[in-house]
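Protein chains in written order, with our numbering: chain A, 225 to 534; chain B, 1025 to 1387.
Here a beta-carbon is modelled for each residue, glycine too, at the ideal position from N, C-alpha and C.
Encoded as structure tokens, the structure appears first; notes follow it.
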Amino acid sequence: MPDPKLGSAEQVGPGIAETASVLDEVPTSGALVHLPGMAPASPTPTHDPRRSDVDEWGRSEHMRELARRLYGPIYRNLFRAEWSGLEKIPAEGGALLVANHAGAVPSDAPVIIHGIEEELRRPVYGLADSMFKGVPVVGTLWSRMGGVVAHPDNAYRLLKEQGQLVLVFPEGSKGPGKTYQERYQLRRFGRGGFVEIAMRAGVPVVPIAVVGAEESMPTLVNIPPLAKLFGSPYFPITANQLLFGPLLGLVTYLPAKFRLRVLDSVTFDVEADQPRYSKSRIMEEAETIRQQIQEALHDMLRQRQSVWRG
Amino acid sequence: MATGAPEGVTGIAKGRRVLVTGLASFWGGRIAQQLEADPTVDVIVGLDRREPTVPLDRTEFVRADESYSILSRIVKAAQIDTIVHTFLIVDSTMMSNRTLHEINVIGTMNLLAAAGAAGSTVRTVIVKSSTLVYGSTARDPVWFREDTPRSAPPRTRVESSLLEVEGYLRDFAEDNPHVAVSLLRISNVVGRAITTPLVAALQLPLVPAIAGFDPRFQFVEEGDVVRSLLFVLRHQVPGVFNVAGDGLLPWTEVGAICGDKPFFYLPPVLTGVAAAPLRRLGLVDLPEEILDLLRYGRGVDNRRLKQAGFRYEHTSAGAVERFWEGVRLRRTVGTSEPDFVYDPEVESFFRRSPAVVRDLTSS
């Protein structure tokens, strides 16, 4: 939060600017802890039990804490996630985390968010398509877990005004939509919107290469007509479904070893807050970042002895 | 308040001459009351089809509908320089779609035509719109800025009528650069007195919600709304402004503040069909735009008006708490305010009879 512009956050409400510093202190007392980006609390300093800790983005640190406790064993024992280069993620201030996206029901997002929140004790907000938000229960839980609709305004406010960590998968649904034969072959990075957002917000892009998600839920075939019928971006038949059944297979992962490599952060020497940025520059930067992640993936796969043991 | 003289057309006026539409409405009455206390306001003319619902000392009530001829005559005759257009219907449960369209679109069109007529003295137009113009969908940003476009075209009559009104207002501002046009988009209003579909829903023994959704709501306190309108009137700040309290509250939290009552859940599919019988039974009327809100919520960025210098007295949560305090009081002692009944003869006596001693302070 060194950004002096954050002074304006005071107008939005207390609690926003202190996010990172609050998270630095491990909560020791009380069940309900006042945590990041909380909506302006009631004027009384004592905690009002009627008020939840849901922040303006819908994220609840209390529920995240619960989720981290439940997800910890999966993270440690099933995926045995190992990070390298975590120190390249800024300890404070906004940064846009960019990673490859894979697995029919992607397991990379929770692994990345869990890992960073545990290691850096900073909240991570995940930008995603709005289709989650429209699904009852799922949408609400998704937003309590830190999911935010991928709208440029949301990204700007999180990154620039509140100096948060924001995770985005530029491949979108094309990443998880690919089959096992195409594993670790990065899809197009959209139209480079993530670069434009980082430029406008004046924050670095931190690329992350993830190995393991592809094998945790491999898609054997895709059935586009069914996808069309259900209005989903893809309709996979996964190995997990063959093993565990059509429904249980959607939530049960294979024990692939996760390795995550944080690459050097990318800064763009352009002025923040411009109304427009050169489209060719944006596409060029996006492609460079894609290449870097792709090369890192190849390097990690060269070193991998086994899908399961890493 | 030395000016008790209502027939202020004579002589050269120094103070403001304000026309308030919807005088009988919640907002019109309150605005007029506040303007009466302002010594820089010389003349207040209030327009409505119905009689005023609050006691007024020097506001001139003109019974009029939204037709053009009477409006331009009033503006001209009273040399109006400021129009406060509070009479936009944002609660679609109050009337048929047709009447709503008539009042909002045709009424505003006529008002702006009168304000922009040749020789018009109008220099300030203030319109009270609603954040309904942003809609409420899954694709929305968490905070709408004044220039953020809608995520989807409007589906309800009230939303499209407000968008039409704003379109006319934009054209008017462009055609009349000498007129300061302020457009205030008001969020969900709560307070000690106002009644809206959301307020009605929160007073039910079971609070309606949509199963599987806990949207975040923003509120603004009714006093803050009146103050915001007076603020743009006094400081002449043209432009579009969101008016809403700080912070968003999950609907469950709103319910918790409002007596911690249980919810009753409408199904997430065919919600409108499920809500229809509630209206027919006279329990609660939840129109489409409110159901959208109960599904996705809406937040608007209130910083622009703050940067202009306005200070809110209440946050979203504070507004809801204040509303609930009002409900608690009413439950114990009943309505505190006595009902005001407008009687033209009584009003005329107090304002015009030579028997009444006015202006006791002047020499």
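* To do: Indicate whether at least one CB of chain B lies closer than 9 Å to the CB of A/Gly-371.
  => As a working mapping, residue 371 of chain A is identified with position 147 in the first sequence. Not one chain B Cβ lies under 9 Å of A/Gly-371.
* **Contact between the region 1110–1129 of chain B and the region 1168–1186 of chain B (3+ Cβ pairs under 8 Å)** => They touch, by the three-pair rule.
* Given 8 Å, three or more beta-carbon pairs between the region 1341–1360 of chain B and the region 1250–1265 of chain B -> Contact fails between the region 1341–1360 of chain B and the region 1250–1265 of chain B, because fewer than three Cβ pairs, one in each stretch, are under 8 Å apart.
* Rounded to whole angstroms, what's the CA-CA distance from B/Ser-1116 to B/Pro-1301? Just pull it up for me. => Here residue 1116 of chain B is taken as the residue at index 92 of the second sequence, counted from 1. Here residue 1301 of chain B is taken as the residue at index 277 of the second sequence, counted from 1. For B/Ser-1116 and B/Pro-1301, the distance between alpha carbons rounds to 17 Å.
* B/Val-1086 to B/Phe-1334 span [Cα, whole Å] -> Here residue 1086 of chain B refers to the residue found at position 62 of the second sequence. Here residue 1334 of chain B refers to the residue found at position 310 of the second sequence. Distance between the alpha carbons of B/Val-1086 and B/Phe-1334: 31 Å.
* Beta bridge counterpart(s) of B/Phe-1243 as assigned by DSSP -> Translated into positions along the second sequence, residue 1243 of chain B becomes position 219. B/Asn-1212, per the DSSP bridge assignment.
* Asked: Is the CB-CB distance between A/Met-441 and A/Val-329 below 9 Å?
  -> The residue given as residue 441 of chain A occupies position 217 in the first sequence. The residue given as residue 329 of chain A occupies position 105 in the first sequence. A/Val-329 sits close to A/Met-441, with the two beta carbons spaced by under 9 Å.
* **Cross-chain neighbours of B/Leu-1187 in chain A, by beta carbon under 8 Å** => The sequence position of residue 1187 of chain B within the second sequence is 163, counting from 1. Under the 8 Å cutoff, chain A gives no residues; its nearest Cβ is about 20 Å from B/Leu-1187.
* How should A/Gln-409 be labelled, buried or exposed, when 16 other C-beta atoms within 10 angstroms of its C-beta is the threshold for buried? -> Walking along the first sequence from the start, residue 409 of chain A turns up at place 185. Answer is exposed; the Cβ neighbour count stays below 16.
* Where the beta strand (DSSP E) through A/Trp-532 begins and ends -> Counted from its first residue, the first sequence places residue 532 of chain A at position 308. A/Trp-532: not part of any beta strand (DSSP E); DSSP gives it neither H nor E.
* Asked: Using a beta-carbon distance cut-off of less than 7 Å, what residues from the region 1225–1243 of chain B approach chain A?
  -> For chain A, the residues of the region 1225–1243 of chain B that bring a beta carbon within less than 7 Å of one of its beta carbons are Ala-1235, Gly-1236, Phe-1237, Asp-1238, Arg-1240, in chain order.
* In its own chain, which residues sit with a C-beta less than 6 Å from the C-beta of A/Glu-535, not counting the 5 before and 5 after it? -> There is simply no residue 535 of chain A to check, as chain A begins at 225 and stops at 534 in what is shown.
* Taking 9 Å as the cut-off, decide whether the C-beta atoms of A/Arg-293 and A/Gly-370 are in contact. => For the purposes of this step, residue 293 of chain A is identified with residue 69 of the first sequence, where counting begins at 1. For the purposes of this step, residue 370 of chain A is identified with residue 146 of the first sequence, where counting begins at 1. Taking a C-beta distance under 9 Å as the contact criterion, A/Arg-293 and A/Gly-370 do not qualify as a contact pair.
* **When B/Glu-1369, B/Lys-1330, B/Gly-1321 are compared against A/Lys-357, the one with the closest alpha-carbon** => Looking up residue 357 of chain A in the first sequence gives position 133. It is B/Gly-1321 whose Cα lies nearest to the Cα of A/Lys-357.
* To do: Using three-state DSSP, classify B/Lys-1038 as helix, strand or coil.
  => Along the second sequence, read from residue 1 onward, the residue named residue 1038 of chain B stands at position 14. The answer is coil: DSSP assigns B/Lys-1038 none of H, G, I, E or B.
* Looking at B/Trp-1167 and B/Val-1278, is the spacing between their C-beta atoms short of 9 Å? -> Here residue 1278 of chain B corresponds to residue number 254 of the second sequence, with the count starting at 1. Here residue 1167 of chain B corresponds to residue number 143 of the second sequence, with the count starting at 1. Going by C-beta atoms, B/Val-1278 is not nearer than 9 Å to B/Trp-1167.
* **Contact list for A/Arg-381 against chain B, beta-carbon separation under 7 Å** => In the first sequence, residue 381 of chain A corresponds to position 157, counting from 1. The contacting residues are Trp-1167.
* In chain B, which residues lie less than 9 Å from A/Val-348 when you measure between Cβ atoms? -> Taking the first residue of the first sequence as position 1, residue 348 of chain A is located at position 124. In chain order: nothing, as chain B lies at least about 16 Å away.
* Indicate the three-state DSSP secondary structure (helix, strand or coil) for B/Asp-1248 in the structure shown. => Position 224 of the second sequence, counted from the first residue, corresponds to residue 1248 of chain B. The DSSP-derived three-state label of B/Asp-1248 is helix.
* Asked: What's the call for A/Ala-374, buried or exposed, on a 16-neighbour Cβ count within 10 Å?
  -> In the first sequence, residue 374 of chain A corresponds to position 150, counting from 1. A/Ala-374 comes out buried.
* List the residues of chain A whose Cβ lies closer than 7 Å to the Cβ of B/Arg-1258, in chain order. => As a position in the second sequence, residue 1258 of chain B is number 234, starting the count at 1. None at all; the shortest Cβ gap to chain A is about 21 Å.
* A/Pro-360 versus chain B: which residues are under 7 Å apart at the beta carbon? -> Position 136 of the first sequence holds residue 360 of chain A. For the C-beta of A/Pro-360, the chain B residues within less than 7 Å are, from N- to C-terminus, Ala-1235, Gly-1236, Phe-1237, Pro-1292.
* B/Gly-1358, enclosing beta strand (DSSP E) - first and last residue -> Position 334 of the second sequence, counted from the start, is the residue given in the question as residue 1358 of chain B. For B/Gly-1358, there is no enclosing beta strand (DSSP E), as DSSP marks it with neither H nor E.
* Asked: Out of B/Glu-1371, B/Leu-1254, B/Phe-1243, B/Asp-1270, which has the shortest C-alpha to C-alpha gap to B/Gly-1148?
  -> The residue labelled residue 1148 of chain B in the question sits at position 124 within the second sequence. Per the sequence shown, the amino acid found at residue 1148 of chain B is Thr instead of Gly. Answer by Cα proximity: B/Leu-1254.
* To do: Rank A/Pro-470, A/Gly-296, A/Val-430 by C-alpha distance to the C-alpha of A/Gly-309 and give the top, closest one.
  => Indexing the first sequence from 1 puts residue 309 of chain A at position 85. Of A/Pro-470, A/Gly-296, A/Val-430, the residue nearest in Cα terms is A/Val-430.
* To do: For B/Thr-1172, go through chain A and note every residue whose CB falls closer than 7 Å to its CB, in chain order.
  => One-based indexing of the second sequence puts residue 1172 of chain B at position 148. Asp-377, listed in chain order.
* **6 Å Cβ shell around B/Leu-1222 - same chain, five flanking residues per side excluded** => One-based indexing of the second sequence puts residue 1222 of chain B at position 198. The answer, listed in chain order, is Asn-1212.
* Below 8 Å, can you find three or more Cβ-Cβ pairs linking the region 495–511 of chain A to the region 463–477 of chain A? -> With the rule of 3 Cβ pairs closer than 8 Å, the region 495–511 of chain A does not count as touching the region 463–477 of chain A.
* Neighbour-count burial assignment, B/Arg-1240, 16 or more Cβ in a 10 Å radius -> Taking the first residue of the second sequence as 1, we reach residue 1240 of chain B at position 216. Burial call: buried.
* **For B/Glu-1454: DSSP bridge partner residues** => It is not possible to answer for residue 1454 of chain B, since the shown part of chain B is limited to 1025 through 1387.
* Compare the beta carbon distance of B/Phe-1373 and B/Ala-1217 with 9 Å and say whether it is the shorter of the two. => Here residue 1373 of chain B refers to the residue found at position 349 of the second sequence. Here residue 1217 of chain B refers to the residue found at position 193 of the second sequence. Going by C-beta atoms, B/Phe-1373 is not nearer than 9 Å to B/Ala-1217.
* Asked: CB A/Val-372 to CB A/Trp-307, shorter than 9 Å?
  -> On the first sequence, residue 372 of chain A is found 148 positions in, with the first residue counted as 1. On the first sequence, residue 307 of chain A is found 83 positions in, with the first residue counted as 1. Result no, Cβ atoms of A/Val-372 and A/Trp-307 do not sit closer than 9 Å.
* Output yes if chain B places a C-beta closer than 9 Å to the C-beta of A/Arg-288; else output no. => To locate residue 288 of chain A, count along the first sequence from 1; it is residue 64. Chain B has no Cβ within less than 9 Å of the Cβ of A/Arg-288.
* Residues in the region 1264–1297 of chain B having any Cβ partner in chain A nearer than 8 Å -> Cβ contacts with chain A come from Asp-1270, Gly-1271, Leu-1272, Leu-1273, Pro-1274, Thr-1276, Glu-1277, Ala-1280, Ile-1281, Asp-1284, Pro-1292.
* **Distance, B/Gln-1058 Cα to B/Leu-1208 Cα** => Counted from its first residue, the second sequence places residue 1208 of chain B at position 184. Counted from its first residue, the second sequence places residue 1058 of chain B at position 34. Those two C-alpha atoms are separated by around 18 Å.
* In chain order, what residues of the same chain lie with their CB nearer than 8 Å to the CB of A/Glu-341, ignoring the 5 residues before and after it? -> Position 117 of the first sequence holds residue 341 of chain A. Closer than 8 Å at Cβ, skipping near neighbours: Arg-288, Arg-292, Pro-347, Val-348.
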